[in-house]
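J.: The numbering of the sequence shown is our numbering, which starts it at 2 and goes up by one.
Ideal placement from N, C-alpha and C gives every residue a C-beta, glycine not left out.
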Amino acid sequence: MPVPTEHFHEGETVSVVGFGVFGQACGPSVTSGILSAVVQVDDTPVMLQTTCAVHGGSSGGPLFSTSSGDLLGIVASNTRDNNTGATYPHLNFSIPITVLQPALQRYSQTGDLGGLRELDHVAEPVRVVWRLQRPLAETPRSKL
Numbered sequence: 002m003p004v005p006t007e008h009f010h011e012g013e014t015v016s017v018v019g020f021g022v023f024g025q026a027c028g029p030s031v032t033s034g035i036l037s038a039v040v041q042v043d044d045t046p047v048m049l050q051t052t053c054a055v056h057g058g059s060s061g062g063p064l065f066s067t068s069s070g071d072l073l074g075i076v077a078s079n080t081r082d083n084n085t086g087a088t089y090p091h092l093n094f095s096i097p098i099t100v101l102q103p104a105l106q107r108y109s110q111t112g113d114l115g116g117l118r119e120l121d122h123v124a125e126p127v128r129v130v131w132r133l134q135r136p137l138a139e140t141p142r143s144k145l
């Protein structure tokens, strides 16, 4: 079982495990890439960006250091262009384990799932970081 990390290193080789769109029927997939960015708010990591291929259905899988095996985060999403509908599996985002760890520890101690609700409440600067989508472009009206 991976050990949660306390430090993140941009440029580090990382891996993601997920079940993708077909679920457990095809078994887990493991993809590797680079930890390309550690996004911080007030010197606290709030988002990890990697180049691992993450396909639909793999959200929730672990992101871990390939060299140490340390758990870095949980995959939250890949990138999708709302204007075209295209997805970009090699540009994806994870929630750092350091964000999740306090709530997970409380759950481990109490068994109360209600403690996980605190993850729904974040400061506005963190909310802005995770608001990745641009507004949909207006479609020009035809002059025909």
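How should Thr85 be labelled, buried or exposed, when 16 other C-beta atoms within 10 angstroms of its C-beta is the threshold for buried?
T.: When all chains shown are included, Thr85 counts as exposed.
J.: Around the C-beta of Gly115, are 16 or more other C-beta atoms found within 10 angstroms, so that it is buried, or is it exposed?
T.: Label assigned to Gly115: exposed.
J.: Around the Cβ of Gly28, are there at least 16 other Cβ atoms within 10 angstroms (buried) or fewer (exposed)?
T.: Label assigned to Gly28: exposed.
J.: Alpha carbons only, please: which of Ile98, Leu101, Thr99 and Ser78 is nearest the one belonging to Pro90?
T.: Nearest option by C-alpha distance: Ser78.
J.: Run the CB neighbour count on Gly62, radius 10 Å, all protein chains shown included, and call it buried at 16 or more, exposed below.
T.: Under this definition Gly62 is a buried residue.
J.: Near Val40, what residues of its chain come up, given a Cβ to Cβ distance below 8 Å and the 5 sequence neighbours on each side ignored?
T.: Excluding residues within five positions, the ones whose Cβ falls inside 8 Å are Pro46, Val47, Met48, Leu49, Gln50 and Val130.
J.: Roughly how many angstroms separate the alpha carbons of Asn83 and Arg128, rounded to a whole number?
T.: Answer to the nearest angstrom: the Cα atoms are 19 Å apart.
J.: For the putative contact between Phe20 and Gly57, defined by C-beta atoms under 8 Å, what is the C-beta separation to the nearest angstrom?
T.: That belief does not hold up - the Cβ atoms of Phe20 and Gly57 are roughly 10 Å apart, past 8 Å.
J.: What residue range does the alpha helix (DSSP H) around Thr111 cover?
T.: That run of the alpha helix (DSSP H) goes Ile98 to Thr111.
J.: Measure from the C-beta of His91 to each C-beta in chain D and report whether the shortest distance is under 8 Å.
T.: Absence of chain D from the displayed structure is noted, only one protein chain being present.
J.: Could you say which of Leu73, Ala54 and Ala104 lies nearest to His10 if we only look at CA atoms?
T.: Of the candidates Leu73, Ala54 and Ala104, the one whose C-alpha sits nearest the C-alpha of His10 is Leu73.
J.: Is Arg128 helix, strand or coil when you go by DSSP?
T.: Three-state result, Arg128: helix.
J.: Express the C-alpha separation of Thr88 and Gly34 in angstroms, rounding to a whole number.
T.: One C-alpha to the other measures close to 17 Å.
J.: So, Ser66 versus Val15, is the Cβ gap smaller than 8 Å?
T.: Yes, the Cβ-Cβ distance between Ser66 and Val15 is below 8 Å.
J.: Taking the alpha-carbon positions, what's the His122 to Asp113 distance?
T.: Using only the alpha carbons, I get a separation of about 17 Å.
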